[in-house]
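**Student:** Below: one structure in structure tokens.
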Amino acid sequence: MQSKGRALIFYSLLLVGCSPRYNNVAPVVPPKDAPQSALGERLFRDFRFSKFFVEHSAGDSNQVLAGGDPRLDSVTSGRRGTLANPFAGQAMSCVACHMVGDAEKFNKQGMRAYTDFASRSSIPALGTDSLVSTPRNTPTLLGALSPRNNFLLHYDGEFTTIEDLILGSYTGRNFGWLPGEEAIAKANFIKVIREDNGQSLLAQSFGRVSYKALFQGTDPSIPNNFKIPEEYRLDLATATDQQVIDRAVNLVKVYLEALQFAQDAEGHFVGSPWDQFLIANRLPNHPDDGELDVDYAARLSLGLQGLSKPKYIEDFDEKEFTGAKIFLARSTTTSAQGAGFFQVGNCVACHAPPSFTDFKFHNTGATQDEYDAIHGAGAFELMSIPNYLTRTASPNLYLPATGGHPTANSRFRAPPSVEHPERTDLGAWNIFTNPDFPVPQAILSQLFCTDGACATPTDTEEALTRSLAAFKTPGLRLLGMSDPYLHGGTQTTIPDLMRFYQRMSVLARAGRLRNPDPEIEKIKIDKSGADALTAFLNSLNEEYD
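For what it's worth, the working numbering labels the leading residue of the sequence shown as 867, then goes sequentially.
The following block contains the structure:
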């Protein structure tokens, strides 16, 4: 599953986004083990920012919990069964969902690519709402901050900056905070950072130093590997509350920026068998300056087709080579032929290399597939979904709960269930044209409105329909450490994923897929093609720790 030939990771030269293909060019970021990244990781792992800790600590920011949040007692995974949770006895933290080596050390289930094992991650049960899990599968954080145009985060595009996402997580429902409790959550966030004494079990792995000393950065007792550079320092004794929040959030950002796949000194991917195959065969492993990823993919496809005697390497042989050609094929003229059948994966339409994502939003049929599996074939096509005017007039009935509408029922941002046929997840539909989320509207309009703007009510209505059940395209690197797949975690293995796309392409060609992306019907693969694609996707794995 993992490449045995591990490439050197040059974190200090993270230049993958320096091509003019992107507007937001990535700066050179510190390595993952830099002091400022380490402090960001400690904040990432700290469970005292959760509501559970507040309710069980008697106002003491350094209280040792008598018992942890029962929602973290175990991890449920459909394929692996119920697993021991490395964070049992604690409360919610970022790492409770975004695991890496924790699971390998604790339950011997292998490394995780900053994901857990669940289809939908457990969250605190509050009793005031019916939520016990996230509405969606936890995505990997590796490469999540890769620079691109139209920078949006989360499956539905809720956030436009990582800073907003970080603070939104610490003060949101995953940490046990209800809509409208953001101010209380922020106050606790600040309190914990100011009052931390550096004696917690977590702090023992990070120099056994208080946040106050680490933020100030001048205490001689701070180990050198935890002494942050001057530009990241802050005197908590004189800093305002907002300065504390901003600096802490920035440090978590620094940590997340360092979570990248293996790259060479020029910022090109080198860690997977696929990357090494390209290098061994002198094929381009990155777009030229100014070249779009889709154009690079077309050029690469021609290069593979013209490779008469490919040089195979460990973990990339003839089957992976065939899968790569099918993956890049967009028509029968560029496809790989197997058993007399022209295989067209058309995967590249949304998953262009080298990042294997276009960072846009598409309806692949995942919502319909999950809903119909519960309520019967064709049920999602018949489901009543309000138009723009109806939705706007009744936000509490149709839209997600927010600080502006704390009692909204989130019916279209929820997993489907037998008990609640009115619930499903419509993805970007929940955010687009929703006045409670003003910041991402400009980017979402560019993506869903004709010509990048909705000039009339009719334009808006049509664009909202296009956003229905559309989700941001995930990357495909290191799938071996990030199962299960799709926004609902409904596909447990890559072969399952292949069968899903075969089903959806058939439905799309028959006109039975509601609001499908037009590229879905172009997928034409049989079992041999699916097997080859599976082999190719496995060649995108690499070792990571």
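C-beta: ideal position from N, C-alpha, C; glycine also.
Keep in mind the model is a prediction, meaning the values are calculated, not measured.
With distances taken Cα to Cα, identify the nearest neighbour of Ser1405 among Lys1119, Leu1149, Asp1183, Gly976.
**Tutor:** It is Asp1183 whose Cα lies nearest to the Cα of Ser1405.
**Student:** Which first and last residues belong to the beta strand (DSSP E) in which Leu1403 is found?
**Tutor:** Per DSSP, Leu1403 belongs to no beta strand (DSSP E); it is in the alpha helix (DSSP H), 1393-1404.
**Student:** What are the start and end residues of each continuous alpha helix (DSSP H) run of 4 or more residues lying completely inside the region 957-1043, in chain order?
**Tutor:** Correct list: 968-973, 1028-1036.
**Student:** Tell me, to the nearest whole angstrom, how far the beta carbon of Gln1126 is from that of Val1136; I am working on the premise that it is less than 8 Å.
**Tutor:** The pair is not a contact, with the Cβ atoms about 12 Å apart (cut-off 8 Å).
**Student:** In angstroms with no decimal places, state the Cα-to-Cα distance between Trp1043 and Leu1263.
**Tutor:** About 21 Å.
**Student:** Need the endpoints of the alpha helix (DSSP H) that Gly906 sits in, please.
**Tutor:** Taken as a continuous stretch (DSSP letters only), the alpha helix (DSSP H) holding Gly906 covers 901-911.
**Student:** In chain order, what residues of the same chain have a beta carbon less than 7 Å from the beta carbon of Gly967, not counting five sequence neighbours either side?
**Tutor:** Only Met977, Asp1411 meet the Cβ criterion.
**Student:** Under three-state DSSP, which class holds Gly1293?
**Tutor:** DSSP places Gly1293 in strand when its eight states are reduced to three.
**Student:** Identify whether Ile1179 lies in helix, strand or coil by the three-state DSSP scheme.
**Tutor:** Correct three-state label for Ile1179: strand.
**Student:** Going by DSSP, what residue range makes up the alpha helix (DSSP H) through Val920?
**Tutor:** 917-921 is the span of the alpha helix (DSSP H), which, as asked, contains Val920.
**Student:** Using C-beta distances below 7 Å, list every residue in its chain close to Ala979, excluding the 5 sequence neighbours before and after it, in chain order.
**Tutor:** Result list for Ala979: Thr1006, Leu1008, Leu1344, Met1347, Ser1348, Tyr1410, in chain order.
**Student:** State yes or no: is the C-beta of Ser1167 within less than 9 Å of the C-beta of Ala1195?
**Tutor:** Going by C-beta atoms, Ser1167 is nearer than 9 Å to Ala1195.
**Student:** Comparing C-alpha positions only, which one of Ala991, Pro1287, Ser903, Arg1332 sits nearest to Pro936?
**Tutor:** Nearest option by C-alpha distance: Ala991.
**Student:** Between the region 1378-1385 and the region 1009-1027, are three or more C-beta pairs nearer than 8 Å?
**Tutor:** Result no; under three Cβ-Cβ pairs closer than 8 Å.
**Student:** Tell whether a beta-carbon distance below 9 Å holds between Ser916 and Met965.
**Tutor:** Result no, Cβ atoms of Ser916 and Met965 do not sit closer than 9 Å.
**Student:** According to DSSP, simplified to helix, strand and coil, what is Tyr1367?
**Tutor:** DSSP places Tyr1367 in helix when its eight states are reduced to three.
**Student:** Among Pro1361, Phe1298, Val1058, Glu1387, whose alpha-carbon lies nearest the alpha-carbon of Leu1399?
**Tutor:** Here the closest residue by C-alpha is Pro1361.
**Student:** Using three-state DSSP, classify Arg1279 as helix, strand or coil.
**Tutor:** Arg1279: strand per DSSP, three-state reduction.
**Student:** Could you have a look at Phe1118 and say whether DSSP puts it in helix, strand or coil?
**Tutor:** The question names Phe, but residue 1118 is Val in the sequence shown. If DSSP states are grouped into helix, strand and coil, Val1118 belongs with the helices.
**Student:** Determine contact between the region 1330-1339 and the region 1354-1368, defined as no fewer than three beta-carbon pairs at a distance below 8 Å.
**Tutor:** Contact between the region 1330-1339 and the region 1354-1368 is absent, because fewer than three Cβ pairs lie under 8 Å.
**Student:** Can you look up Gly1318 in the DSSP assignment and give me helix, strand or coil?
**Tutor:** Looking at Gly1318 - three-state DSSP - the assignment turns out to be helix.
**Student:** Would you mind giving the Cβ-Cβ distance between Glu907 and Tyr1077, rounded to the nearest angstrom? I have them listed as a contact below 8 Å.
**Tutor:** Actually they are not in contact, since the Cβ atoms of Glu907 and Tyr1077 sit about 13 Å apart, beyond 8 Å.
**Student:** Taking the straight line between their C-alpha atoms, what separation do you get for Ala892 and Lys971?
**Tutor:** The pLDDT assigned to Ala892 is 42, lower than 50, so where the model puts this residue is not dependable, and the model offers no usable value.
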